[in-house]
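Residue numbers (my numbering): 20 to 644.
We put the beta carbon where it would ideally sit given N, CA and C, even for glycine.
Taking it in order: structure first as C-alpha cells, then the write-up.
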Amino acid sequence: MLLKGLWVLGRAVRDEPHVFAISVVGSVVFSLLTIATAFVSGRVVGEIALPAIDDRRVATGALLLGGVAVLAVSIGKIIGIFGRRLGAGAMQFRLQARYRQAVTRRYLRLPLEWHQRHATGTLLSNANADVESAWYPIAPFPMAVGTVVMLVAAIASLFATDWAMALVGVAIFPSLLGVNVAYSRRMAPRVARSQQLRAEVSAVAHESFDGALVVKTMGREAAETERFTAKTVELRDATIQVGRVRAVFDPVLDALPSVGTLAVLVVGGLRFRQGAVEVTDVVSVAFLFTVLAFPVRAIGWVLAELPRSVVGWERIRHVLDAEGDMAYGTTTPPEPHKPAALRFDDVHFAYTDAAGERGGDVLSGVTFDVPAGRTVALVGSTGSGKSTIAALAARLVDPHTGTVRVDGVDARELTQEALVGTVALVAQVPFVFDDTIRGNVTLDRRTAAGRPVDDEAAWSALRLAQADGFVQQLGEGLDTKVGERGTSLSGGQRQRLTIARALAGAPRLLVLDDATSAVDPRVEAAILAALRGDVTPLRTPSGPTAAEVDTDRQASILVVAYRRATIALADEVVYLERGRVAARGTHADLLATVPGYADLVTAYEKAEAEKEREHVFDDEETVTA
C-alpha cells in the first residue's frame, strides 16, 4: 500500500510539476529556517541569556542582535509558509479539477451499454468523493517533502554537534516507517469498504430522490427511509472503524518527537556532565526536537491518508481505463441534403450484465429497411426489441453481428458529426434540462448545414411538435425556466419539447421510440401529419417559405407505435415477435393476414380508449393547424 501510495503522489508531481516545485521550495525554506531557529535559540540562550543571568546585566547590543536574528528567521519562515501553502492548495485543487473533468469526459465517451452496467450513485461518487480522496494527501505532501529535507539536515546537524545525541535521532526517525507499515495493513481494507459504502449511499439517495413521485404515490417514504438508514448506518460503522485505527496511529506518531526530546535531554545532560558538550548544544538539540514535532506530523498526515488515496485512485482508474469506446469512421453521407435511408441487415444483439457477461439475444437476425423519405412503424409486444432497434438506429449501441446502414454506409464508418447531423432519437422517457425552453430546444448548436438553431428555427420546430401553443401560454415564452427535469411541465408537454429539440437539429432520419405516449392521440396525429407534410422540420429564418420547400427535404421516420391511428399513417409496418421480424407490410395487410398483429393492435386500441375515458392524456392545448 505504501508503494502504491507513493506512486499516486508521484503521478501528482508529474501532473503538476511547476506548482509542486513552488510549494516544495517554500517548504524547504521553512524547514531549513526551522533548524536555524533551533540553533539561533541555542545561541541566544547560551551567549545572551545565561551571561546576562550571571552578570545580572543585559548587553543592549547583543540583545538587539539576537532580536534581529530571531526576527529575520521568523520573516523567512513566513515567506516559506506562504509559498508552501499557496502551492499545495493550488496543486490539490488543480488536480481535483483535472481528474473530475477527466472522469466526466470519459463518461461522455463511453457507450450507453457501459453506463447501464453502473449505478448512477457510483458514477457520481467516482467523479466527486473518489477524486477528493485520491488527492487529499496533496495538501500536506509538500510540507512532508520539506520535512524530509529538514530531517536530513537535522541529523547532519546532530552528528556535527554530538554523536551520542545524534544516535537518539537516528533511532527515533526510522520508527515512523515501521508504524506506517502496520497502519497501512490495517487501514487499507477499512478505507476501501468505506469508499464503496459512500458510493452505495449515494446510489440509494439518488434513486430515492429521482423516484420521488413513485415513493410518494406508493406511500413508500418509510421504506425508503429505512433503506437509506441501513446504508448510512453501514457507512457510519465503517467510518468509525477507520477512525479507531487512526486513533491508535495518531497518538503514537505524536509521541515519537516528544520521546526523542526527552531522550535528548537525558543523553545531553549526561554528555554535559562529562564535558563533551556545552549548554548551548543541549538547548539547540532539545529545541530542534521540539520544533520538529509539528513538521514530522506532516509526514504522519501524508502516511495516514495514503490508503484512502490509493483506494480513491484505483476507483478513478476503473473509469479512466474502462474499455469499449465507440470508434467513429471518416465517411460522410453521399446525399446530406436528402432524407436518409436506414437498413438493418441480419442484426443480432444482446445486453451484458454488471459483470460484463453477455446474455441471450434480444434481437436475432433482424432485417428491414426504412426507405428515404418514408415512415416505418415498429409494432410489437413488450420485450420484443423495439427500443433496442431504436438505439441501434441512433448508434447508441452497435450490433454484435450484422450491419446497420445509413444511406448504404455502415453506421460505424460514419464520422460522429455526420451521424449526429443525420439521425435524431427521441426516447421513451423525455429528459428536459433545468434550463429555459430556448436552451432545451436549441442546445446552442448548429444544424448539419452549419446554420445556428436560433429563435425562429426553435419556433418552427415547436410548431411541428405541436408545442408552440403551450409555450406561448407560459408567459415568458422561450425564456421560461422549466425546472429540473422539466418539473413545471406535464408529461405530454415534456415529450413535445423533446421532439422539438430533435427537429431543431435538422435530422434526416427521425427515430421516435414511443415518444408520444403521454400525448393526446389527436396531438400525436397532428405531429406525425406535420412531419409527413409539405414543410421541412429544419426551416430556418433565411430558408424558403413552407410553400417553397421541396418535399424531398423531409426526414425519414422510424416510429415505435401503439395506436392504430399512428400505425395507419406509416407507409410500412414491421411487426416484431421475440426479437425477430415476424411480418412486414401495410397496416391493412397485416391486420388481415397476421392474427398476432391484429390481436396486439386491438389490445392497444382498447387500452388507449380506456386512457381517453380517464383523461390521462395532456390534451388541454389546441392542435396547431
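Classify PRO471 as helix, strand or coil using the three-state DSSP reduction.
strand
C-alpha distance - GLU324 paired with ALA486, whole-angstrom precision:
Cα to Cα, GLU324 sits roughly 55 Å from ALA486.
What are the residues that DSSP puts in a beta bridge with VAL398?
TYR594
Given a threshold of 16 other Cβ atoms within 10 Å of its Cβ, counted over all protein chains shown, does GLY343 qualify as buried or as exposed?
Here GLY343 is exposed: its Cβ has fewer than 16 other Cβ atoms, across all protein chains shown, within 10 Å.
Closer than 8 Å to chain D by CB, LEU516
Reference to chain D is not applicable here, since this structure consists of a single protein chain.
Could you check whether ALA446 and ALA8 sit closer than 8 Å to each other, using their CB atoms as the reference points?
Limits of the chain in this structure are 20 at one end and 644 at the other, which puts residue 8 out of reach.
List the endpoints of the continuous beta strand (DSSP E) containing PHE387.
382-389
Inter-residue spacing [alpha-carbon to alpha-carbon] between LYS625 and GLY238:
CA-CA distance, LYS625 to GLY238, rounds to 30 Å.
Buried or exposed (CB count within 10 angstroms, at least 16 for buried), PHE268:
buried
Taking the continuous alpha helix (DSSP H) assigned at GLY95, which residues delimit it?
79-128
Leaving out five residues before and five after GLN435 in sequence, what residues of the same chain have Cβ atoms less than 6 Å from its Cβ?
TYR347
Rounded to whole angstroms, what is the Cα-Cα separation between VAL168 and VAL48?
10 Å
From the DSSP output, in three-state form, read off ASP365 for me.
strand
Could you pull the DSSP bridge partners for ARG424 from this structure?
ARG362, ASP429
What is the DSSP secondary structure of ARG76, reduced to helix, strand or coil?
coil
When ALA257, ARG520, ARG541, PHE178 are compared against VAL473, the one with the closest alpha-carbon:
Just to set this straight, residue 473 is Asp in the shown sequence, not Val. Comparing Cα-Cα distances from ASP473 to each of ALA257, ARG520, ARG541, PHE178, the minimum goes to ARG520.
Inter-stretch contact (C-beta, 8 Å, three-pair minimum) for the region 291-300 and the region 168-178
no
Cβ of GLU387 within 8 Å of Cβ of ARG603?
It should be noted that the sequence gives Phe, not Glu, for residue 387. Going by C-beta atoms, PHE387 is nearer than 8 Å to ARG603.
Look up ARG405 in the DSSP assignment and say whether it is helix, strand or coil.
Checking the displayed sequence, the identity of residue 405 turns out to be Lys instead of Arg. DSSP places LYS405 in helix when its eight states are reduced to three.
Simplified DSSP state of LEU493, which is helix, strand or coil
coil
Bounding residues of the alpha helix (DSSP H) (the contiguous stretch that carries SER575):
First-last for SER575: 575-579, but that is the beta strand (DSSP E), not the alpha helix (DSSP H).
If you drop the 5 nearest sequence neighbours on each side, which residues of the same chain put their C-beta closer than 7 Å to that of VAL59?
Same-chain partners within the cutoff: ALA88, VAL89, VAL92.
CB-CB under 8 Å to ALA266, same chain, minus the five flanking residues each way: which ones, in chain order?
none
Under 8 Å, with one C-beta from each stretch per pair, do the region 603-620 and the region 576-593 reach the 3-pair mark?
yes
Taking the alpha-carbon positions, what's the PRO270 to TRP133 distance?
Looking at the two C-alpha atoms, the distance is approximately 45 Å.
Let me know if TYR202 comes out buried or exposed under the rule of 16 or more other beta-carbons within 10 Å of its beta-carbon.
buried
Opening and closing residue of the alpha helix (DSSP H) in which LEU610 lies
DSSP places LEU610 inside the alpha helix (DSSP H), whose first and last residues are 606-612.
Can you look up THR350 in the DSSP assignment and give me helix, strand or coil?
strand
How many whole angstroms separate the CB atoms of THR517 and VAL578, which I take to be in contact at a CB cut-off of 8 Å?
14 Å between Cβ atoms; not a contact.
Can you tell me whether GLY331 is buried or exposed, with buried defined as 16 or more other CB within 10 angstroms of its CB?
buried
Is LEU272 closer than 8 Å to VAL198 when the C-beta atoms are compared?
yes
Span separating the alpha-carbon of GLY384 from that of ALA617
23 Å
Rounded to whole angstroms, what's the CA-CA distance from GLU376 to ASP426? Just pull it up for me.
33 Å
Taking the alpha-carbon of SER194 as reference, which of GLY598, GLY279, GLN492, LEU588 has the nearest alpha-carbon?
GLY279
Could you tell me the distance, in whole angstroms, from the CA atom of LEU529 to the CA atom of SER575?
6 Å
If we call anything under 8 Å between Cβ atoms a contact, is LEU131 one with LEU415?
One thing to note: LEU131 has its Cβ within 8 Å of the Cβ of LEU415.
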